[in-house]
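*Asks:*
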Amino acid sequence: MPRIILIEKKIDSLTTEIDNCLNCSRVLYKRAKLYLLEDEKMKAMSDLNKAIDIYIEYFLKDSFDKTTLTEYYNERAYLKSELKDYRGAIQDYEKAISMKVGYASLWDKVYFGKGFCETKIGNFQSAVESYEKVFIHNPKDELAHFNVGLVKIALGRKNEGCLNLSKSGELGYSDAYEIIAEHCN
-9 MPRIILIEKK
1 IDSLTTEIDN
11 CLNCSRVLYK
21 RAKLYLLEDE
31 KMKAMSDLNK
41 AIDIYIEYFL
51 KDSFDKTTLT
61 EYYNERAYLK
71 SELKDYRGAI
81 QDYEKAISMK
91 VGYASLWDKV
101 YFGKGFCETK
111 IGNFQSAVES
121 YEKVFIHNPK
131 DELAHFNVGL
141 VKIALGRKNE
151 GCLNLSKSGE
161 LGYSDAYEII
171 AEHCN
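In terms of my numbering, the sequence shown opens at residue -9 and continues consecutively.
(1) Could you give the residue range of the alpha helix (DSSP H) that holds residue 91?
(2) Using three-state DSSP, classify residue 65 as helix, strand or coil.
(3) Counting pairs of beta carbons, one from the stretch 124 to 131 and one from the stretch 83 to 90, are three or more of them closer than 8 Å?
(4) Between which residues of its own chain and residue 23 is the CB-CB distance below 8 Å, once the five residues before and five after are set aside?
(5) Taking residue 99 as the reference, which of 110, 128, 74 and -3 has the closest Cα?
(6) Check whether the Cβ atoms of residue 139 and residue 166 sit closer than 9 Å, and answer yes or no.
(7) Is it the case that the Cβ atoms of residue 37 and residue 18 are separated by a distance below 9 Å?
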(Lines of atoms letter the chains of each structure in order from A and count residues from 1; the text may use other names and numbers.)
(Lines give C-alpha, C1' and ligand atoms only; values in the text may rest on other atoms or scores of the structure.)
Protein backbone atom coordinates (compact mmCIF):
# COMPACT_ATOMS: atom_id res chain seq x y z
CA MET A 1 0.00 0.00 0.00
CA PRO A 2 1.50 3.39 -0.94
CA ARG A 3 2.76 5.58 1.92
CA ILE A 4 0.28 8.39 1.19
CA ILE A 5 -2.69 6.03 1.57
CA LEU A 6 -1.32 4.75 4.88
CA ILE A 7 -0.98 8.31 6.15
CA GLU A 8 -4.53 9.14 5.04
CA LYS A 9 -5.87 6.04 6.82
CA LYS A 10 -4.04 7.01 10.00
CA ILE A 11 -5.47 10.53 9.74
CA ASP A 12 -9.00 9.11 9.33
CA SER A 13 -8.50 6.85 12.33
CA LEU A 14 -7.23 9.72 14.48
CA THR A 15 -10.10 11.95 13.31
CA THR A 16 -12.60 9.35 14.51
CA GLU A 17 -10.80 9.19 17.85
CA ILE A 18 -10.84 13.00 18.14
CA ASP A 19 -14.56 13.14 17.39
CA ASN A 20 -15.22 10.85 20.35
CA CYS A 21 -13.29 12.53 23.15
CA LEU A 22 -13.01 15.87 24.94
CA ASN A 23 -9.35 16.15 25.85
CA CYS A 24 -7.54 14.59 22.91
CA SER A 25 -4.52 16.85 22.83
CA ARG A 26 -2.10 13.98 22.16
CA VAL A 27 -4.24 12.65 19.31
CA LEU A 28 -4.47 16.13 17.77
CA TYR A 29 -0.68 16.41 18.06
CA LYS A 30 -0.21 13.07 16.28
CA ARG A 31 -2.61 14.08 13.52
CA ALA A 32 -0.81 17.42 13.12
CA LYS A 33 2.46 15.55 12.57
CA LEU A 34 0.78 13.42 9.91
CA TYR A 35 -0.63 16.52 8.22
CA LEU A 36 2.92 17.88 8.10
CA LEU A 37 4.02 14.73 6.28
CA GLU A 38 1.37 15.53 3.67
CA ASP A 39 2.44 19.20 3.56
CA GLU A 40 -0.99 20.25 4.92
CA LYS A 41 0.50 23.04 7.02
CA MET A 42 -2.68 24.94 7.82
CA LYS A 43 -4.47 21.78 9.00
CA ALA A 44 -1.42 20.95 11.10
CA MET A 45 -1.43 24.46 12.58
CA SER A 46 -5.12 24.16 13.46
CA ASP A 47 -4.54 20.85 15.24
CA LEU A 48 -1.49 22.17 17.10
CA ASN A 49 -3.44 25.24 18.26
CA LYS A 50 -6.26 23.00 19.53
CA ALA A 51 -3.83 20.56 21.16
CA ILE A 52 -2.15 23.36 23.10
CA ASP A 53 -5.47 24.91 24.16
CA ILE A 54 -6.89 21.56 25.28
CA TYR A 55 -3.71 20.56 27.08
CA ILE A 56 -3.64 23.81 29.01
CA GLU A 57 -7.38 23.66 29.82
CA TYR A 58 -7.45 20.04 30.99
CA PHE A 59 -4.00 19.51 32.42
CA LEU A 60 -2.69 22.86 33.61
CA LYS A 61 -5.17 22.85 36.47
CA ASP A 62 -3.40 19.92 38.11
CA SER A 63 0.19 18.87 38.06
CA PHE A 64 0.96 17.81 34.53
CA ASP A 65 3.81 16.82 32.32
CA LYS A 66 5.16 20.13 31.06
CA THR A 67 7.44 18.22 28.69
CA THR A 68 4.39 17.49 26.54
CA LEU A 69 3.52 21.17 26.33
CA THR A 70 7.17 21.94 25.52
CA GLU A 71 6.91 19.48 22.60
CA TYR A 72 3.68 21.08 21.38
CA TYR A 73 5.11 24.60 21.47
CA ASN A 74 8.26 23.42 19.71
CA GLU A 75 6.28 21.75 16.94
CA ARG A 76 4.06 24.79 16.43
CA ALA A 77 7.12 27.07 16.44
CA TYR A 78 8.73 24.90 13.78
CA LEU A 79 5.58 25.09 11.67
CA LYS A 80 5.40 28.88 12.06
CA SER A 81 9.03 29.02 10.93
CA GLU A 82 8.15 26.93 7.86
CA LEU A 83 5.39 29.46 7.14
CA LYS A 84 7.97 32.28 7.54
CA ASP A 85 6.27 33.64 10.66
CA TYR A 86 9.62 33.97 12.42
CA ARG A 87 8.43 36.30 15.18
CA GLY A 88 5.51 34.01 15.99
CA ALA A 89 7.88 31.06 16.00
CA ILE A 90 10.22 32.84 18.41
CA GLN A 91 7.28 33.47 20.75
CA ASP A 92 6.45 29.76 20.76
CA TYR A 93 10.09 28.78 21.25
CA GLU A 94 10.16 31.14 24.23
CA LYS A 95 6.98 29.52 25.60
CA ALA A 96 8.65 26.12 25.22
CA ILE A 97 11.70 27.42 27.08
CA SER A 98 9.48 28.84 29.85
CA MET A 99 8.21 25.31 30.60
CA LYS A 100 11.74 24.58 31.90
CA VAL A 101 11.37 20.85 31.34
CA GLY A 102 12.26 18.63 28.45
CA TYR A 103 14.94 16.24 27.27
CA ALA A 104 18.26 16.93 25.54
CA SER A 105 17.16 16.34 21.95
CA LEU A 106 14.07 18.51 22.48
CA TRP A 107 16.17 21.38 23.81
CA ASP A 108 18.46 21.00 20.78
CA LYS A 109 15.44 21.54 18.53
CA VAL A 110 14.06 24.42 20.57
CA TYR A 111 17.28 26.41 20.78
CA PHE A 112 18.35 25.59 17.22
CA GLY A 113 14.97 26.67 15.87
CA LYS A 114 15.01 29.85 17.94
CA GLY A 115 18.52 30.65 16.71
CA PHE A 116 17.45 30.11 13.11
CA CYS A 117 14.44 32.41 13.48
CA GLU A 118 16.45 35.08 15.31
CA THR A 119 18.91 35.03 12.41
CA LYS A 120 16.09 35.40 9.88
CA ILE A 121 14.85 38.61 11.52
CA GLY A 122 18.34 40.02 12.06
CA ASN A 123 18.64 39.47 15.83
CA PHE A 124 22.15 38.11 15.47
CA GLN A 125 23.27 38.36 19.10
CA SER A 126 20.15 36.50 20.27
CA ALA A 127 20.80 33.92 17.55
CA VAL A 128 24.33 33.35 18.86
CA GLU A 129 22.99 32.92 22.40
CA SER A 130 20.39 30.39 21.23
CA TYR A 131 22.81 28.39 19.09
CA GLU A 132 25.32 28.26 21.94
CA LYS A 133 22.65 26.76 24.21
CA VAL A 134 22.39 23.87 21.75
CA PHE A 135 25.97 22.98 22.72
CA ILE A 136 24.96 22.46 26.35
CA HIS A 137 23.01 19.38 25.26
CA ASN A 138 24.84 18.47 22.08
CA PRO A 139 28.34 19.92 21.66
CA LYS A 140 28.72 17.92 18.45
CA ASP A 141 25.84 19.51 16.53
CA GLU A 142 27.68 20.31 13.30
CA LEU A 143 24.87 22.41 11.82
CA ALA A 144 24.59 24.56 14.96
CA HIS A 145 28.37 25.13 14.83
CA PHE A 146 28.02 26.06 11.15
CA ASN A 147 25.14 28.49 11.69
CA VAL A 148 26.64 30.17 14.75
CA GLY A 149 29.91 30.51 12.85
CA LEU A 150 28.15 32.37 10.03
CA VAL A 151 26.32 34.62 12.49
CA LYS A 152 29.50 35.43 14.40
CA ILE A 153 31.23 36.39 11.15
CA ALA A 154 28.26 38.65 10.31
CA LEU A 155 28.71 40.26 13.75
CA GLY A 156 32.37 40.95 13.01
CA ARG A 157 33.60 38.19 15.31
CA LYS A 158 35.55 36.52 12.53
CA ASN A 159 37.99 34.47 14.62
CA GLU A 160 35.23 32.98 16.77
CA GLY A 161 33.08 32.32 13.72
CA CYS A 162 35.91 30.60 11.89
CA LEU A 163 36.53 28.36 14.91
CA ASN A 164 32.87 27.30 14.89
CA LEU A 165 33.02 26.68 11.15
CA SER A 166 36.16 24.60 11.60
CA LYS A 167 34.45 22.57 14.33
CA SER A 168 31.46 22.08 12.02
CA GLY A 169 33.75 20.71 9.32
CA GLU A 170 35.56 18.43 11.78
CA LEU A 171 32.19 17.05 12.86
CA GLY A 172 31.31 16.15 9.27
CA TYR A 173 29.58 19.16 7.74
CA SER A 174 31.72 19.54 4.61
CA ASP A 175 30.02 22.78 3.42
CA ALA A 176 31.83 24.51 6.28
CA TYR A 177 35.13 24.21 4.41
CA GLU A 178 33.82 26.26 1.48
CA ILE A 179 32.87 29.09 3.83
CA ILE A 180 36.21 28.81 5.65
CA ALA A 181 38.05 29.13 2.33
CA GLU A 182 35.99 32.20 1.48
CA HIS A 183 35.97 34.03 4.83
CA CYS A 184 38.66 32.66 7.12
CA ASN A 185 41.93 32.51 5.19
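C-beta atoms are modelled at their ideal positions from N, C-alpha and C, and glycine is treated no differently. Quick caveat, the model's predicted, so the values are computed rather than measured.
*Replies:* According to the structure shown:
(1) For the purposes of this step, residue 91 is identified with residue 101 of the sequence shown, where counting begins at 1. Premise fails: residue 91 is in no alpha helix (DSSP H) and is neither H nor E.
(2) Within the sequence shown, the letter at position 75 stands for residue 65. Helix.
(3) no
(4) On the sequence shown, position 33 is the one that residue 23 refers to. Excluding positions up to five away in sequence, the list reads 34 and 65.
(5) Position 109 of the sequence shown, counted from the start, is the residue given in the question as residue 99. Taking only the C-alpha atoms, the option nearest residue 99 is 128.
(6) Taking the first residue of the sequence shown as position 1, residue 139 is located at position 149. Taking the first residue of the sequence shown as position 1, residue 166 is located at position 176. In contact: residue 139 and residue 166 (Cβ atoms closer than 9 Å).
(7) Taking the first residue of the sequence shown as 1, we reach residue 37 at position 47. Taking the first residue of the sequence shown as 1, we reach residue 18 at position 28. The answer is yes: Cβ separation under 9 Å.
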